[in-house]
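Peer 1:
Protein chains: 4
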Amino acid sequence: MVVVEVSVVPVGTPSASLSEYVAGCVAVLKQAGGITYRLTPMGTIIEGELDRVWEVVRQMHEQPFAKGCARVVTTVRIDDRRDKKLTMDGKVSAVESRLGR
Amino acid sequence: MVVVEVSVVPVGTPSASLSEYVAGCVAVLKQAGGITYRLTPMGTIIEGELDRVWEVVRQMHEQPFAKGCARVVTTVRIDDRRDKKLTMDGKVSAVESRLGR
Amino acid sequence: MVVVEVSVVPVGTPSASLSEYVAGCVAVLKQAGGITYRLTPMGTIIEGELDRVWEVVRQMHEQPFAKGCARVVTTVRIDDRRDKKLTMDGKVSAVESRLGR
Amino acid sequence: MVVVEVSVVPVGTPSASLSEYVAGCVAVLKQAGGITYRLTPMGTIIEGELDRVWEVVRQMHEQPFAKGCARVVTTVRIDDRRDKKLTMDGKVSAVESRLGR
Numbered sequence: 005m006v007v008v009e010v011s012v013v014p015v016g017t018p019s020a021s022l023s024e025y026v027a028g029c030v031a032v033l034k035q036a037g038g039i040t041y042r043l044t045p046m047g048t049i050i051e052g053e054l055d056r057v058w059e060v061v062r063q064m065h066e067q068p069f070a071k072g073c074a075r076v077v078t079t080v081r082i083d084d085r086r087d088k089k090l091t092m093d094g095k096v097s098a099v100e101s102r103l104g105r
Numbered sequence: 005m006v007v008v009e010v011s012v013v014p015v016g017t018p019s020a021s022l023s024e025y026v027a028g029c030v031a032v033l034k035q036a037g038g039i040t041y042r043l044t045p046m047g048t049i050i051e052g053e054l055d056r057v058w059e060v061v062r063q064m065h066e067q068p069f070a071k072g073c074a075r076v077v078t079t080v081r082i083d084d085r086r087d088k089k090l091t092m093d094g095k096v097s098a099v100e101s102r103l104g105r
Numbered sequence: 005m006v007v008v009e010v011s012v013v014p015v016g017t018p019s020a021s022l023s024e025y026v027a028g029c030v031a032v033l034k035q036a037g038g039i040t041y042r043l044t045p046m047g048t049i050i051e052g053e054l055d056r057v058w059e060v061v062r063q064m065h066e067q068p069f070a071k072g073c074a075r076v077v078t079t080v081r082i083d084d085r086r087d088k089k090l091t092m093d094g095k096v097s098a099v100e101s102r103l104g105r
Numbered sequence: 005m006v007v008v009e010v011s012v013v014p015v016g017t018p019s020a021s022l023s024e025y026v027a028g029c030v031a032v033l034k035q036a037g038g039i040t041y042r043l044t045p046m047g048t049i050i051e052g053e054l055d056r057v058w059e060v061v062r063q064m065h066e067q068p069f070a071k072g073c074a075r076v077v078t079t080v081r082i083d084d085r086r087d088k089k090l091t092m093d094g095k096v097s098a099v100e101s102r103l104g105r
C-alpha cells in the first residue's frame, strides 16, 4: 500500500480556471476500482497498490488531452513504507495523536 | 492570497516514522497568525499572503533541525491566482460543483 | 515523448548522505534501453515514451528498498507536450535562444 | 548553503510554449547576486543561502504576472544539509565517484 499525491496541470488553457480539468480527473477516480482517494485544495491523494495507483494516475494525466489541451504537467509524489501498513487516515492520526488531540 | 502546499521530509532520521517531525511543523502552524491551514495525509496546505506564508514555511523547515536532524528536504508548491480570490474551500467547491454534488 | 524529472528520497537511512542511493538509481538508468537521461544536482531527468519511462522510474523507486530501507518518497514530474516533439535539449535550447536574442 | 530547484509554470497562457516565461526567470537569475544557478530541462537549480535564494525565487515567481498571466504555479524543492557544505557540483560528484567514473 502506498499513499500518492497527484497534481495534473494543463498548460495553454483558454482561461486560468482549472476546475473543469480537475473534475475530469476526479471523475476517473470515482470510477476506479482498487483504490481510495481524497480531493484536496492542491490535488488528489490516492491510497492503494503502487502499480494500480499508477494505472489510475496514467488515466488522470490523459484527461486534459482528451479535452483538447496540447500540454500537461503532472506531478506525482509517492510515499511508500514497507515496515508497516501506510494509509491516509493512519498518517493523519499519527500526527494528531502526537499533538494531543 | 495564495494556496500553498508544504512537505517537510527530514533525511537520516533514526526511524522511518516521521510523525514526530510533522507534528512539530503543525505546532508551528497552530501558533502562526495571518494564515489558515489544513493537514493532509501528504503534508499541509496553507492559505494566506505569499510573504507571510513563506515566513511560516521557513519556520516549519527549521523544525527537524531543532530536533537534531542534519538534513531536510522541503517541497513547497505555490498556487497564486490574481484575477480572482483563491481559497482552499473555493478550490474544492469549484470542482465539486462541476461534479454535480 | 515526455521529459520527466525523478527524485528518490529514502527515509530513515543511517546517515544524511544519499549518494549511495542515488548511484543505485543511476545504475538502473545506465542499463535501461529506450530512454535517455541526465543527472542533475536535484535528481535525474529522463526522456522517452511515458509508459517506458514509468517502467524505469518503478525500478529506481525499488533501489533503496533493495538496500534495506523501509520507506521511500519518490517525486515524479512529467512534462508531456503533444503539439510538438519535446526533448531535454530542445527545452533548454528554446530558452537559451530567447536569452541570446 | 542550500541547493534549491525551482519550476515556475504559468496557467492560462495563449500557447503551450513556456520558453518565454522561463527566459524571464533566467534573466532574473543572471542579474541576481549571492547565488549561482543552473538551467535544466525541467527548471532551474539555485545554490546559496536559503533566505537569499527565496528572495530570488520570489522575483522569478512574479515574472509571468509581469507578462500578463493571471495565475502561476511555482514549485520549490529545498535540499538543506547542515553537517557538511552542500553544493550543486559536490552533489553530482559524490554520485559519479560512487559510479566509478
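Protein chains in written order, with the working numbering: chain Y, 5 to 105; chain A, 5 to 105; chain D, 5 to 105; chain S, 5 to 105.
Ideal Cβ placement from N, Cα and C applies to all residues, glycine included.
Here the structure is a predicted model, which is why all the values come from computation and not from measurement.
#1: In whole angstroms, what is the alpha-carbon distance linking L88/D and G52/D?
#2: If you draw a straight line from the alpha carbon of V96/A to that of G94/S, how long is it in whole angstroms?
#3: Report the start-end ranges of each beta strand (DSSP E) in the segment 24-103 of chain Y that is 3 residues or longer and not cut off at the edges.
#4: Is the CB of V30/S under 9 Å away from at least one CB in chain D?
#5: Would the beta-carbon of R56/Y fall within 9 Å of that of M92/Y?
#6: Determine the closest residue to M46/A out of T78/A, A98/A and V99/A, with distance taken between C-alpha atoms.
#7: Tell me which residues share the same chain as L174/Y and place their Cβ nearer than 6 Å to its Cβ, disregarding the 5 neighbours each side in the sequence.
#8: When the cut-off is 9 Å and only beta carbons count, does M46/Y lie next to chain A?
#9: Would you mind working out which of S11/D, D83/D, V12/D and T17/D sits nearest C73/D, comparing C-alpha positions?
#10: Using a beta-carbon distance below 9 Å, is S97/Y in contact with chain S?
#11: 9 Å is my cut-off, CB to CB: does T17/S come that close to chain Y?
#12: Helix, strand or coil, according to DSSP, for P18/D in the structure here?
#13: Taking Cβ-Cβ distances below 8 Å as the criterion, which residues of the segment 66-79 of chain Y are in contact with chain A?
#14: Nearest-angstrom Cα distance between A31/Y and L103/A?
#15: Residues in the same chain with beta-carbon distance under 6 Å from P68/D, minus the five sequence neighbours each way, listed in chain order, please.
#16: Hey, is K89/Y's beta-carbon within less than 9 Å of any beta-carbon in chain A?
Peer 2: Well, looking at it:
#1: According to the sequence displayed, residue 88/D carries Lys and not Leu. When rounded, the distance between both Cα atoms is 14 Å.
#2: 42 Å
#3: 39-44, 47-52 and 75-85
#4: yes
#5: no
#6: T78/A
#7: This structure does not reach residue 174/Y, given that chain Y is present from 5 up to 105, and the question cannot be answered.
#8: yes
#9: T17/D
#10: no
#11: yes
#12: coil
#13: T79
#14: 8 Å
#15: P14, Y25 and V76
#16: no
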